[in-house]
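Let me begin by presenting the structure, written as structure tokens, before commenting on it.
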Amino acid sequence: MTTPTDSSTYTFKAEVKQLLYILAHSLYKERDIFLRELISNASDALTRMHFEMLTNRAVREPDAELAIHIESPAVTGAPEATGDAPKKLVIKDSGIGMTRAELAQNLGTIAQSGAREFLEQVGAGKLDPSDMIGQFGVGFYAVFMVADEVRVVSRSYLLDAEPAAWISNGGEQFRIEPAEKTDRGTEIHITLKKDADEFAQAWKLKQVIKKHSDFVRFPIYVGTERANQQASLWRKNPSEVKAEDYKHFYQQLTLDFQEPLATIHFSADVPVNIRALLFIPAQREKHILAARKEPGLLLYSHNVLIQEYCTDLLPKWLGLVDGVVDSEDLPLNVSRETVQNNRLMQQLAKVLRGRVLRELKRIAENDAEKYAKFWDEFGRTFREAIATDPEAKEDVLPLFRYGSSTSDGKLISLDGYIQRMQPDQQDIYFVLGDDAKSVAHSPHLDPFKARALEVLYWVDPLDALIAPLLTEDQGKKFRNIDDAELELPEEKQEDKAEEETTTPEFDFNVLLGRFTQVLGERVLDVRPSRVLKDSPVRLVSPKDDKDRERERLNRYFDKEYKVPKKIMELNRNHPLIANLARTLHDKPGAELIDLTIEQLYDSALVQEGLHPNPVEMLPRIQKLMELAVEQE
Numbered sequence: 002m003t004t005p006t007d008s009s010t011y012t013f014k015a016e017v018k019q020l021l022y023i024l025a026h027s028l029y030k031e032r033d034i035f036l037r038e039l040i041s042n043a044s045d046a047l048t049r050m051h052f053e054m055l056t057n058r059a060v061r062e063p064d065a066e067l068a069i070h071i072e073s074p075a076v077t078g079a080p081e082a083t084g085d086a087p088k089k090l091v092i093k094d095s096g097i098g099m100t101r102a103e104l105a106q107n108l109g110t111i112a113q114s115g116a117r118e119f120l121e122q123v124g125a126g127k128l129d130p131s132d133m134i135g136q137f138g139v140g141f142y143a144v145f146m147v148a149d150e151v152r153v154v155s156r157s158y159l160l161d162a163e164p165a166a167w168i169s170n171g172g173e174q175f176r177i178e179p180a181e182k183t184d185r186g187t188e189i190h191i192t193l194k195k196d197a198d199e200f201a202q203a204w205k206l207k208q209v210i211k212k213h214s215d216f217v218r219f220p221i222y223v224g225t226e227r228a229n230q231q232a233s234l235w236r237k238n239p240s241e242v243k244a245e246d247y248k249h250f251y252q253q254l255t256l257d258f259q260e261p262l263a264t265i266h267f268s269a270d271v272p273v274n275i276r277a278l279l280f281i282p283a284q285r286e287k288h289i290l291a292a293r294k295e296p297g298l299l300l301y302s303h304n305v306l307i308q309e310y311c312t313d314l315l316p317k318w319l320g321l322v323d324g325v326v327d328s329e330d331l332p333l334n335v336s337r338e339t340v341q342n343n344r345l346m347q348q349l350a351k352v353l354r355g356r357v358l359r360e361l362k363r364i365a366e367n368d369a370e371k372y373a374k375f376w377d378e379f380g381r382t383f384r385e386a387i388a389t390d391p392e393a394k395e396d397v398l399p400l401f402r403y404g405s406s407t408s409d410g411k412l413i414s415l416d417g418y419i420q421r422m423q424p425d426q427q428d429i430y431f432v433l434g435d436d437a438k439s440v441a442h443s444p445h446l447d448p449f450k451a452r453a454l455e456v457l458y459w460v461d462p463l464d465a466l467i468a469p470l471l472t473e474d475q476g477k478k479f480r481n482i483d484d485a486e487l488e489l490p491e492e493k494q495e496d497k498a499e500e501e502t503t504t505p506e507f508d509f510n511v512l513l514g515r516f517t518q519v520l521g522e523r524v525l526d527v528r529p530s531r532v533l534k535d536s537p538v539r540l541v542s543p544k545d546d547k548d549r550e551r552e553r554l555n556r557y558f559d560k561e562y563k564v565p566k567k568i569m570e571l572n573r574n575h576p577l578i579a580n581l582a583r584t585l586h587d588k589p590g591a592e593l594i595d596l597t598i599e600q601l602y603d604s605a606l607v608q609e610g611l612h613p614n615p616v617e618m619l620p621r622i623q624k625l626m627e628l629a630v631e632q633e
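Residue numbers (the working numbering): 2 to 633.
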């Protein structure tokens, strides 16, 4: 039985073995990504050490410089091995370090989901490993693209921790053994493959650092020379920064290799000193192994990081924003509690919120296509803001975009809608449904088409949630067009078609009775419609129906759902209703009648987005087709 000071050999899990084989035997076009990944890991270790020392000075070497050192004989000028002896490379950091157990855990295993997803996507040809490897939590193992053997020596910041070493040649096993190391941090000793000798040369190392790691927040030394500029990009004048610099900084900050939707870089001294570099990402969902998994901005004071995830500078619904904020008005020794309660922070938050909202409005006004992509990704975030933050409404409503009955598939703003309202129109009309295609055929639209009134399509599940909360905008009330008591302006006489009653009064009343009999308690009432033009029936909500949105939400979110009871209106002039009344008059016992009534009801539920299981209609539809064919 081994003790913690013995040398122990372990076997990699199957996914790790497969991953190591791919990395060791595949020559990707950019093998230099291994250095990017190791530097990124070292930077993470230094960041953790930095935060530990904000509250705890009882650590090993509390005054050691937080830095990364890269060395090789070619870099330091030490004598190199001659002949065919392999070249060596060492990457050191003074970060938080690892214990023996942490070495086994952190380097001996990979989260299975990360390894499996990486392997699947490489196998399917869906990603370029040189760009994406770090996003799957497998970045360290990229070292085996250039290494015959790797020895990781580490000593934890804990005062009583002993050093240990992890050794692997990229095969099926790794070894952990005692080591000699007096200082804190981690050293990665790499024995380079013969065809990777160039990575022992200073010029090559500096070239890779300049390309991939120039904005790492800690100094990177190649030998004794500083290799990264580590310049605070956010403290530069925006006119001095190239677009490529912003892109590289964003990628190093987030490991999101898509370009951000927008970059906001500004500085101000009034009403508060602030330098900020913010990014609006292109997609809402962060990768499970993204560099920044939590919302919040990097908060600096005098160019010194004091909080890695500051959530007090932007409201929760703007947590999508990544970036850096630096203010010289904040004291260096500011505490977390002080940050939360500082009046200065409130001023910073007000400035940042305004700048982000201004940028979003600028994009919306100048690039509708780009903003449409943003709204598709983040629209739900702003709907959630209405539901969770009562003070957000004034800020977020101008950002809302909807399709409409007259927008031809394009998204429109509420401002645009209100500007196009007819002179006698007092309300903002909307229709709820599952998607734009279904609501475009909603029978509720009949009277609005006849009057050339625009209707907004509310087709996101959260639209039903916030509908009761959106009472008005700019003095105009929001009105759901399924309201049975909705009063509309009179139809223009020149557009009003002559209404000819095609169904005798008595026959129509008998049909109303048959609908009531067949549908029973599923409906509150069956009555003639005053507004339907092109549709045979519709389901409308009774006045002050407070459950109309709740049941829709229950269906969306797979909760206990009951089909809401509504009022069914019939269009007595529609051919389908007229023919059904005639059939009822001539053949009151015909099977076709009740089947058609049931189908009209179910079809109306589907159009409303309220049917619990539309597949249930298929046997009835087949029976209706059989009856139709028989009558031919």
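No residue lacks a Cβ here, since even glycine has one placed at the ideal position from N, Cα and C.
In the three-state DSSP reduction, Arg-293 falls in the coil class, being neither helix nor strand. Boundaries of the beta strand (DSSP E) around Thr-10: 9–12. Secondary structure at His-445: helix, using DSSP grouped into helix, strand and coil.
Taken atom to atom, the span from the alpha-carbon of Lys-18 to that of His-190 is near 21 Å. The DSSP-derived three-state label of Leu-319 is helix. The C-beta separation of Leu-234 from Val-242 comes to about 6 Å, placing the pair in contact by the 8 Å criterion. Assigned with DSSP and collapsed to three states, Leu-433 falls in strand. Residues Val-456, Arg-480, Ile-482 of the same chain have their beta carbon placed closer than 6 Å to that of Tyr-430, with the five preceding and five following residues left out of the count.
Taking C-beta separations shorter than 7 Å and ignoring five residues to either side along the sequence, the partners of Lys-14 in its chain run Thr-110, following chain order. In the three-state reduction of the DSSP assignment, Lys-211 falls in the helix class. Per DSSP, the beta-bridge partners of His-190 are Val-91, Arg-152.
Residue burial annotation: Asp-94 is buried, with at least 16 other C-beta atoms found within 10 angstroms of its C-beta. Contact between the segment 605–618 and the segment 528–544 is established, with three or more Cβ pairs separated by less than 8 Å.
Taking C-beta separations shorter than 7 Å and ignoring five residues to either side along the sequence, the partners of Arg-356 in its chain run Ile-265, Phe-267, following chain order. The straight-line gap separating the alpha-carbon atoms of Ile-168 and Phe-175 is approximately 6 Å.
Glu-570 is bridged by DSSP to Arg-528, Arg-539.
Each of Leu-306, Ala-277, Arg-381 was checked against the Cα of Ala-350, and the nearest Cα belongs to Ala-277. In this chain, the alpha helix (DSSP H) harbouring Phe-379 covers 369–389. In this model, Glu-366 and Lys-211 are separated by some 37 Å (Cα to Cα).
In this structure, the straight-line span from the alpha carbon of Leu-400 to that of Ile-419 is close to 14 Å. 8 Å or more divides the Cβ of Gly-140 from the Cβ of Ser-302.
Ser-155 is a Cβ neighbour of Thr-187, given a cutoff of 8 Å. Asp-368 and Leu-361 have their C-alpha atoms some 10 Å from each other. With fewer than 16 other Cβ atoms from the protein chains shown falling within 10 Å of its own Cβ, Asn-580 counts as exposed. Take the alpha-carbon of Gln-475 and the one of Asp-425: they are about 16 Å apart. Assigned with DSSP and collapsed to three states, Leu-108 falls in helix. DSSP places Ile-177 within a strand segment (E or B) once states are collapsed to three.
Contact holds between the segment 446–456 and the segment 394–411, because three or more Cβ pairs, one in each stretch, are under 8 Å apart.
Of the other Cβ atoms in all chains shown, 16 or more fall within 10 Å of the Cβ of Met-99; this residue is therefore buried. Annotated three-state conformation of Asn-481 is strand, per DSSP.
Judged by pairs of C-beta atoms under 8 Å, the segment 565–574 touches the segment 517–529, as three or more such pairs exist.
The C-alpha of Ile-97 is placed about 20 Å away from the C-alpha of Tyr-142. For Glu-592, the enclosing alpha helix (DSSP H) begins and ends at 592–609. By the criterion of a C-beta distance shorter than 7 Å, Ala-485 is surrounded in its chain by Val-541, Ser-542, Pro-543, Lys-544, Ile-568, once the five residues flanking it on both sides are discounted. With a threshold of 16 other beta carbon atoms within 10 Å, Pro-282 meets it and is buried. In the DSSP annotation of this structure, the continuous segment of the beta strand (DSSP E) that includes Ile-265 starts and ends at 263–269.
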